[in-house]
Every structure is written in structure tokens, then in C-alpha cells.
Amino acid sequence: MAQTIAPPATGTAAPAPLPLKAIAPWALFVGVLMLVLLYFIGAEQGATSVMSGSDVHEWVHDGRHLLGFPCH
Amino acid sequence: MNSVTIRHLLTRGMLAGLGAGVLALVVAYLLGEPRVDAAIAFEEAHSHEHEMEVVSRGLQSTAGLATGVLLYGVALGGIAALAFCIALGRIGRFGPRATAALLSGAALLAVYLVPFLKYPANPPSVGEPDTIGKRTALYFLMMLLSVLLAVAATILGRRLAPRLGNWYATVAAGAAFGVAIGLAYAFLPAVNEVPKDFSATLLWQFRLSAIAVQLVLWTAFGLLFGHLAERVIAPERATAPAEAAPAAS
Numbered sequence: 180m181a182q183t184i185a186p187p188a189t190g191t192a193a194p195a196p197l198p199l200k201a202i203a204p205w206a207l208f209v210g211v212l213m214l215v216l217l218y219f220i221g222a223e224q225g226a227t228s229v230m231s232g233s234d235v236h237e238w239v240h241d242g243r244h245l246l247g248f249p250c251h
Numbered sequence: 010m011n012s013v014t015i016r017h018l019l020t021r022g023m024l025a026g027l028g029a030g031v032l033a034l035v036v037a038y039l040l041g042e043p044r045v046d047a048a049i050a051f052e053e054a055h056s057h058e059h060e061m062e063v064v065s066r067g068l069q070s071t072a073g074l075a076t077g078v079l080l081y082g083v084a085l086g087g088i089a090a091l092a093f094c095i096a097l098g099r100i101g102r103f104g105p106r107a108t109a110a111l112l113s114g115a116a117l118l119a120v121y122l123v124p125f126l127k128y129p130a131n132p133p134s135v136g137e138p139d140t141i142g143k144r145t146a147l148y149f150l151m152m153l154l155s156v157l158l159a160v161a162a163t164i165l166g167r168r169l170a171p172r173l174g175n176w177y178a179t180v181a182a183g184a185a186f187g188v189a190i191g192l193a194y195a196f197l198p199a200v201n202e203v204p205k206d207f208s209a210t211l212l213w214q215f216r217l218s219a220i221a222v223q224l225v226l227w228t229a230f231g232l233l234f235g236h237l238a239e240r241v242i243a244p245e246r247a248t249a250p251a252e253a254a255p256a257a258s
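Going line by line, the protein sequences match chains A and B.
Going by our numbering, the first residue of the first sequence is number 180, and it counts up by one from there.
Going by our numbering, the first residue of the second sequence is number 10, and it counts up by one from there.
As C-alpha cells, this is what we get:
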């Protein structure tokens, strides 16, 4: 009898928040790294260039258009 | 212990982003690429100078597209996982799966749809090359504003919740977000650089396919990451309701 109904109490309790102090270093390093990655996909060799030439721009050209970034 | 949890969530966020990116790539290739090709055909029929191809169309539409979409998925998956770590247990009584689903919906809205409604995605041959600097700055500004306002609205909602209750606090925060975005739309300059004889149907189809890519990306991410996060946060709940068994005597 008891096996037919799953305990509903576990479904409603909110999980304990993770401490912000523990998140901060990850947010800083990984967050910045991911933003740099997004910059290279979305904007490098378009409005601004860290590297010379247009290889990056041309390679991700279709992705830039279809992901909504201004391309050229 | 907490740091381990965060690391696990982060790697799973990036993996879920990659998986969602694969599905988004399929949509981008099947729905998006025919429109990109059609737009390039328009461009070539109307331009006088012929540019040298640095990367062939065959590579741009396959390996190039895959690089862009997959890395986009991984990067946003990582950032969304960090946002998940902060949001979990702080936005109300939501478990990991529900938190991941809500976060993905919010991300689709704030990172993509809100900026898109002001500065929509454009196919090749739409957009003056001379204004790329201005357009890029405006697009990223709109995206930044939208994300910051969404975070502010979430905090506002939590502050109002004790006084108004969860439902009306959420409605009030949503309304505040809508008004703030409306003001940003009104004050930021408009960009309309569609060539006069560019097909309206093609533009519409291109933009729809761009939305489809994001819809698939964030839906897949929310479900995939929610599944993985549930196993990290509450493994006993995610696996099976076997816990109830000992009580059956």
C-alpha cells in the first residue's frame, strides 16, 4: 500500500542555497572565460579585432548570422 | 564540499550546453542554411565587386556553423550553470529541475528574445558594412541591459514576495521589467538597413529560423541540465522512490 504513493514531502522542499562565497571564484574565472569565448564567436574581426585578418569572422560567418549577432 | 558541487554543476552545464548545441545545430543547418544561401545569392546578384572567398561556402555552412553554434552552447551553458548555482534555493520553493527550466526560459527571453525584438537577426546582405561598429555596440548594450534588468526584476520579485505573495510579486516584477524594456526600446536608436528590393518573405523566414535555433537550444538545455543537476543536488530523489520501501511493514 505504502509503496504505491511516493512521499510528496520531498518534492516540495526547496534545496538549500549554495553559498555565494563558494560560487564567486568559479563565476569570476569560468564566467570571464565563457564571455571571451562568446566574444570570439559573436564579434571578433567584426566591429573590433584582437587578431588581424578575417579568418575567424569568415569561419563562424553563418553561425554569427543565425545566432543573431551583427555580422557585417 | 560546496565547491565540488559547483564544479560538478559547471561541467554538467557545459555538457548540457554542448548537447543542446547539437540539436540547435541540426535546426540551424536544416532551417537556417537554405535562407543564408538564398540571401548570399541576392547579395551576389546585386554587388558590383566580387570578394575573394577566404573560407568556402561548403565549410562555412558545415564545420564553421558547427563551431559557432556548439561553442555558443558550451559558453552559455557554463554561464547558465553559474546562474543556476546562484538561483537554486533563492528564487522560491523550486527543485533543481524546475529551477533549471525557469532559468532557461528566462535566459531565452533576456539573452535572446528581448534584444532580438529591438535588433533582430539579419541574413547576409542586410546591414551596411560601415555601421557594423555601431550595430554591434547597440546589440551587446541591449543584451546587457536586458540581462541586468531581468536580474533586477527577479530580486525585486523576491523582495515584494513577503508583502504581496508570490503570485502578485511575480506579476509586479514582470510588469516592472516590461516597462523598463519598453523605455530602453524607445530611447535606443532604431536600425533598419534592409535593402529596398530584398525579399520580405526571405527576411521573415530567416528570422523565424533564427528564433527556432534559440528555442531548441534553450529548451534542450533546460531539460538536459535540469536532469543532470537533479542528480547532483538530490541524487536520492532523482533515481527512484525506493526510500518509501522500508516504511511498508
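Don't be surprised by glycine CBs; every beta carbon is placed ideally from N, CA and C.
Here the structure is a predicted model, which is why all the values come from computation and not from measurement.
Taking 9 Å as the CB-CB cut-off, is residue i touching chain A?
i      : result
T210/B : no
L85/B  : yes
T145/B : yes
V63/B  : yes
E42/B  : yes
F207/B : no
Y260/B : Outside the displayed span of chain B (10 to 258) sits residue 260/B, for which this structure offers no information.
N201/B : no
G101/B : yes
I242/B : yes
Go to residue i, then tell me how far its alpha helix (DSSP H) extends in each direction, as first and last residue.
i      : result
E237/A : 234-238
L112/B : 105-116
H17/B  : 11-36
D46/B  : 42-55
L214/A : 199-221
P138/B : Per DSSP, P138/B belongs to no alpha helix (DSSP H) and is neither H nor E.
L126/B : 123-127
Quick check: is the beta carbon of residue i nearer than 9 Å to any beta carbon in chain B?
i      : result
V229/A : no
T189/A : In this prediction, T189/A scores a pLDDT of 48, lower than 50, which makes its location untrustworthy; no coordinate-derived value is stated.
Hey, is residue i's beta-carbon within less than 9 Å of any beta-carbon in chain D?
i     : result
R16/B : The displayed structure is made up of protein chains A and B, and chain D is not among them.
Might you give, ordered along the chain, the residues of its own chain that have their beta carbon closer than 7 Å to the beta carbon of residue i, omitting 5 neighbours on each side?
i      : result
V123/B : S155, I190
L212/A : none
G87/B  : L19, G22, M23, G26
With a threshold of 6 Å on Cβ separation, who are the neighbours of residue i within its own chain once the five nearest residues in sequence on each side are excluded?
i      : result
R254/A : Because chain A is modelled from 180 through 251, residue 254/A falls outside the range shown and cannot be assessed.
F51/B  : S134
G28/B  : L233
F215/B : R44, P132
Within its chain, find whatever has a CB closer than 8 Å to the CB of residue i; leave out the 5 residues flanking it on each side and keep chain order.
i      : result
A182/B : A162, T163, L165, G166, L169
So within the stretch 62-92 of chain B, which uninterrupted beta strand (DSSP E) runs reach at least 3 residues, ignoring any that extend past its ends?
none
In chain order, what residues of the stretch 212-239 of chain A put their CB closer than 7 Å to some CB of chain B?
M213, L216, L217, I220, A222, G225, A226, S233, D234, E237, W238, V239
Segments assigned alpha helix (DSSP H), at least 4 residues, entirely inside the stretch 141-218 of chain B
141-196
Interfacial residues, the stretch 71-98 of chain B to chain A, with Cβ spacing under 7 Å
G73, L74, T76, G77, V78, L80, Y81, A84, G87, I88, L91, C94, I95, L97, G98
Any C-beta of chain A within less than 7 Å: which residues of the stretch 167-197 of chain B qualify?
none
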